[in-house]
Amino acid sequence: MLLKPAGSLRPAAYRSYLNDTGHLVANIGGLLVQRGTRALLIDTGLGPHSVPARPEAPADLVGATGPPGRRAEPADDARRHGAAAHGGSLPGNLARLGPGPEGIEVVAFTRLHLDQLGWASVRPPVFTRATFVVPAGAWDGPVPELPPALRRRLRRVVPGEEVFPGVRALALPGHTGFTITSRGERLLAFGGALHSPVQVRHPEWSLLPDADPRGATARRRRLIAELQRADTLGFGSYFADVVFGRVRLAAEGLHWHPE
Numbered sequence: 001m002l003l004k005p006a007g008s009l010r011p012a013a014y015r016s017y018l019n020d021t022g023h024l025v026a027n028i029g030g031l032l033v034q035r036g037t038r039a040l041l042i043d044t045g046l047g048p049h050s051v052p053a054r055p056e057a058p059a060d061l062v063g064a065t066g067p068p069g070r071r072a073e074p075a076d077d078a079r080r081h082g083a084a085a086h087g088g089s090l091p092g093n094l095a096r097l098g099p100g101p102e103g104i105e106v107v108a109f110t111r112l113h114l115d116q117l118g119w120a121s122v123r124p125p126v127f128t129r130a131t132f133v134v135p136a137g138a139w140d141g142p143v144p145e146l147p148p149a150l151r152r153r154l155r156r157v158v159p160g161e162e163v164f165p166g167v168r169a170l171a172l173p174g175h176t177g178f179t180i181t182s183r184g185e186r187l188l189a190f191g192g193a194l195h196s197p198v199q200v201r202h203p204e205w206s207l208l209p210d211a212d213p214r215g216a217t218a219r220r221r222r223l224i225a226e227l228q229r230a231d232t233l234g235f236g237s238y239f240a241d242v243v244f245g246r247v248r249l250a251a252e253g254l255h256w257h258p259e
């Protein structure tokens with residue numbers, strides 16, 4: 001995915017993060033967690049969609065809906081706000097890694113946006129055996145993004161609740177994160193609570209417009225403090241080709257150290 005950075009970012013300071021068209025390059029997909037023969041997937045990506053960039057579109061990716069009278073699709077998020085997005089590879093990647101979509105027991109969502117719900121909203125269903133884990137209170141009514149056959153398999157969870165062996169929900173700014181613990185280490189999957197490694201050093205910078213900039217900055221700082229724990233490896237699903245890493249302190253400040 002190619003994101004158009006919001007105006008709060010300072011181009012001279014983050015130019016190295018942009019491609020030659022001025023976009024931030026981002027990843028969009030999921031995280032596979034396996035315990036023996038069992039498998040959980042965190043987020044399902046954009047789905048089978050490919051959307052070209054619209055240079056004239058606003059510089060954000062917030063609050064997209066579909067055209068009147070039609071259910072919103074994952075591609076609408078990108079199409080409406082000028083991001084180039086390319087999906088389609090998740091089922092094949094899962095098959096190559098072993099379980100395949102049909103072997104996923106639990107699908108957990110970090111947030112209920114269309115670029116996390118993508119493959120869970122296709123028809124016919126891809127995840128035929130999965131229970132779908134969503135944050136309690138996220139949906140107060142019907143769930144239009146999911147096929148009717150899958151709505152019966154929703155499980156609402158609260159922070160701290162175990163959703164899969166060794167995997168617990170964690171409250172994050174505007175999201176539900178998940179911690180995966182094993183052998184004294186933990187992985188913190190934080191979804192889109194941070195969109196780029198540049199925000200580790202500059203949590204006051206936003207890639208998307210914030211309704212409450214001061215509050216959003218404070219929440220990002222709390223997440224970064226969690227990622228500074230010595231036992232914690234982070235997974236940033238939007239972090240292009242450096243999705244796994246740790247927050248380290250260097251002379252110039254905090255930074256994302258890929259692993």
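Sequential numbering from 1 applies to the sequence shown in full-length UniProt numbering. Cβ coordinates follow ideal geometry from the N, Cα and C atoms, glycine included.
Write down the C-beta distance between residue i and residue j rounded to the nearest angstrom, noting that I regard them as a contact closer than 8 Å.
i, j, result
"alanine 189", "leucine 24", "Not quite, the Cβ-Cβ distance comes to about 20 Å (not below 8 Å), so this is no contact."
"threonine 128", "glutamate 102", "5 Å"
"leucine 172", "threonine 179", "Not confirmed; about 11 Å, so no contact."
"valine 158", "leucine 40", "Contact flag wrong, Cβ pair sits at about 18 Å."
With H, G and I counted as helix, E and B as strand and the rest as coil, what does DSSP make of residue i?
i, result
"proline 48", "coil"
"leucine 112", "coil"
"glycine 253", "strand"
"serine 89", "coil"
"alanine 169", "strand"
"alanine 39", "strand"
"glutamate 161", "coil"
"glycine 234", "strand"
"glycine 66", "Residue placement at glycine 66 is poorly supported in this model, since its pLDDT is 30, which falls under 50; the coordinates still yield a value, given next. DSSP places glycine 66 in coil when its eight states are reduced to three."
"proline 101", "helix"
"glycine 121", "Reading off the sequence, residue 121 comes out as serine, not glycine. Of the three classes helix, strand and coil, the one that applies to serine 121 here is helix, per DSSP."
"arginine 151", "helix"
"leucine 194", "coil"
"valine 242", "coil"
Hey, quick one: how far does the alpha helix (DSSP H) through residue i stretch, first residue to last?
i, result
"arginine 221", "213 to 227"
"arginine 186", "Not the alpha helix (DSSP H): arginine 186 falls in the beta strand (DSSP E), residues 185 to 189."
"valine 200", "198 to 201"
Compute the distance between the beta-carbons of residue i and residue j, then report whether it is under 8 Å.
i, j, result
"glycine 45", "threonine 110", "no"
"alanine 193", "glycine 215", "no"
"tyrosine 238", "alanine 26", "yes"
"valine 126", "valine 163", "no"
"glycine 47", "glycine 118", "yes"
"valine 247", "glycine 236", "no"
"proline 197", "valine 242", "yes"
"isoleucine 42", "glycine 87", "no"
"isoleucine 224", "leucine 249", "no"
"threonine 217", "glutamate 226", "no"
Would you kindly report the start and end of the unbroken beta strand (DSSP E) that includes residue i?
i, result
"valine 134", "131 to 135"
"arginine 179", "A small fix is needed here, since residue 179 is threonine in this sequence, not arginine. Per DSSP, threonine 179 belongs to the beta strand (DSSP E) from 175 to 182."
Any 3 or more C-beta pairs closer than 8 Å across the region 197 to 207 and the region 147 to 164: Contact fails: fewer than three Cβ-Cβ distances are below 8 Å.
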